[in-house]
Amino acid sequence: MDLGIAGKTAIVCAASKGLGKGCALALAHEGVAVTISARGQAALAATADEIRSETGVAVRAVVCDVTTAMGRAELLAACPNPDILINNAGGPPAGDFREFSLEDWQTAVNANMLSPIEMIKATVDGMLERGFGRIVNITSAAVRSPIDELCLSNGARCGLTGFVAGLSRKTVGRNVTINNLLPGPFDTDRLRSNLAHRAGLMGKSPADMAVIAAANNPAGRFGTVDEFGATCAFMCSVHTGFVTGQQIMMDGGAFTGTM
Ligand code: NAP
Numbered sequence: 001m002d003l004g005i006a007g008k009t010a011i012v013c014a015a016s017k018g019l020g021k022g023c024a025l026a027l028a029h030e031g032v033a034v035t036i037s038a039r040g041q042a043a044l045a046a047t048a049d050e051i052r053s054e055t056g057v058a059v060r061a062v063v064c065d066v067t068t069a070m071g072r073a074e075l076l077a078a079c080p081n082p083d084i085l086i087n088n089a090g091g092p093p094a095g096d097f098r099e100f101s102l103e104d105w106q107t108a109v110n111a112n113m114l115s116p117i118e119m120i121k122a123t124v125d126g127m128l129e130r131g132f133g134r135i136v137n138i139t140s141a142a143v144r145s146p147i148d149e150l151c152l153s154n155g156a157r158c159g160l161t162g163f164v165a166g167l168s169r170k171t172v173g174r175n176v177t178i179n180n181l182l183p184g185p186f187d188t189d190r191l192r193s194n195l196a197h198r199a200g201l202m203g204k205s206p207a208d209m210a211v212i213a214a215a216n217n218p219a220g221r222f223g224t225v226d227e228f229g230a231t232c233a234f235m236c237s238v239h240t241g242f243v244t245g246q247q248i249m250m251d252g253g254a255f256t257g258t259m
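Numbered by my numbering, the letters in the sequence shown go through residues 1 to 259 in order.
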């Protein structure tokens, strides 16, 4: 299927590794010029080179922290009028809610709710004027089915989801859609670090914990970043103009609600 987005431009936040990288690569394979960001220079430069050599598209790499106003300004200066915005950032740490301070909560809300809202605010009006826009927020399956030790994530991401539920109905009339991708377990550094935390609580090794977690998923495995990226690219295609404000669960069927 031709996704119809060759020649468009995209900002993919937090994209030197993991799910963000998967999204950037998949968009680039569709001919989208991507501007990617991360805090670490070396991994970001390596990912930019990889995307360029695999796809031949223009790739801009901006070393910045997307959870700061300065970082977002640098990213937007490199790509002021994106057709596509993929919001992403690192997830908050795991732990019991009694361990977390008010500052921990403010950091989580800043990273996983307010920063994506600021990126949307900076880009959505241009998309509306041009009559095309696709915004995808990488959130978490925890938005629909809370994960006990990820209380910061459960809470902060629901705030973004609530905001998007309202705005997405106001933008779709001008072909600007806003949807959320909700990853369950995808095989990334982040998943491995969460599994190591759970392994510690259960007195198991991280490797054993990974085998158990994969076996417990209905698919019997973790998702791959390629699967995640391909779904993201489809959600950014010309074919999804009638889909907005949705929570796209990608969890191998782990969430057992009928609807
Ligand atoms: P990952 O493999 O650890 O990759 C995170 C990427 O984001 C890296 O490129 C990292 O680079 C970048 N990054 C982190 N914080 C940043 C910041 N403040 N500014 C700019 N770049 C930043 O993580 P992932 O598994 O892809 O997860 C991505 C998001 O999905 C996270 O919010 C995570 O909680 C959520 N999620 C993941 C899963 C899963 O199974 N993987 C499940 C549910 C939700 P630098 O460190 O160099 O900045």
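Just so you know, even glycine gets a beta-carbon here, dropped at the ideal spot from N, CA and C.
Nothing here was measured: the structure is a model prediction, and the numbers come from that model.
Three-state secondary structure assigned by DSSP to residue i
i: residue 134; result: strand
i: residue 246; result: coil
i: residue 256; result: coil
i: residue 84; result: strand
i: residue 60; result: strand
i: residue 10; result: strand
i: residue 261; result: Nothing can be reported for residue 261: it is not among the residues displayed for the chain, which extend from 1 to 259.
i: residue 163; result: helix
i: residue 154; result: helix
i: residue 145; result: coil
i: residue 40; result: coil
i: residue 175; result: coil
i: residue 110; result: helix
i: residue 3; result: coil
i: residue 206; result: helix
Local Cβ density within 10 Å of residue i, reported as buried at 16 or more and exposed below that
i: residue 170; result: exposed
i: residue 256; result: exposed
i: residue 130; result: exposed
i: residue 19; result: buried
i: residue 228; result: buried
i: residue 205; result: exposed
i: residue 103; result: exposed
i: residue 16; result: buried
i: residue 211; result: exposed
i: residue 133; result: buried
i: residue 253; result: exposed
i: residue 37; result: buried
i: residue 82; result: buried
Expected contact under 8 Å - CB spacing of residue i and residue j to nearest Å
i: residue 62; j: residue 39; result: With 8 Å as the limit, residue 62 and residue 39 do not qualify as a contact, their Cβ atoms being about 10 Å apart.
i: residue 141; j: residue 153; result: Not really, about 10 Å apart at Cβ, beyond 8 Å.
i: residue 157; j: residue 249; result: That belief does not hold up - the Cβ atoms of residue 157 and residue 249 are roughly 13 Å apart, past 8 Å.
i: residue 85; j: residue 51; result: That belief does not hold up - the Cβ atoms of residue 85 and residue 51 are roughly 17 Å apart, past 8 Å.
i: residue 31; j: residue 7; result: 6 Å
i: residue 79; j: residue 9; result: 6 Å
i: residue 67; j: residue 111; result: 4 Å
Any non-hydrogen atom of the ligand NAP closer than 6 Å to residue i Cβ
i: residue 80; result: no
i: residue 212; result: no
i: residue 8; result: no
i: residue 90; result: yes
i: residue 251; result: no
i: residue 183; result: yes
i: residue 186; result: yes
i: residue 67; result: yes
i: residue 233; result: no
i: residue 20; result: yes
i: residue 191; result: yes
i: residue 37; result: yes
i: residue 145; result: no
i: residue 14; result: yes
i: residue 220; result: no
C-alpha distance - residue i paired with residue j, whole-angstrom precision
i: residue 57; j: residue 164; result: 30 Å
i: residue 47; j: residue 184; result: 24 Å
i: residue 4; j: residue 168; result: 21 Å
i: residue 193; j: residue 94; result: 9 Å
i: residue 124; j: residue 203; result: 47 Å
i: residue 196; j: residue 207; result: 8 Å
i: residue 60; j: residue 187; result: 26 Å
i: residue 42; j: residue 258; result: 44 Å
i: residue 113; j: residue 245; result: 15 Å
i: residue 99; j: residue 75; result: 33 Å
i: residue 69; j: residue 162; result: 22 Å
i: residue 221; j: residue 137; result: 24 Å
i: residue 236; j: residue 135; result: 7 Å
i: residue 72; j: residue 119; result: 7 Å
i: residue 14; j: residue 180; result: 16 Å
i: residue 240; j: residue 234; result: 8 Å
i: residue 230; j: residue 34; result: 15 Å
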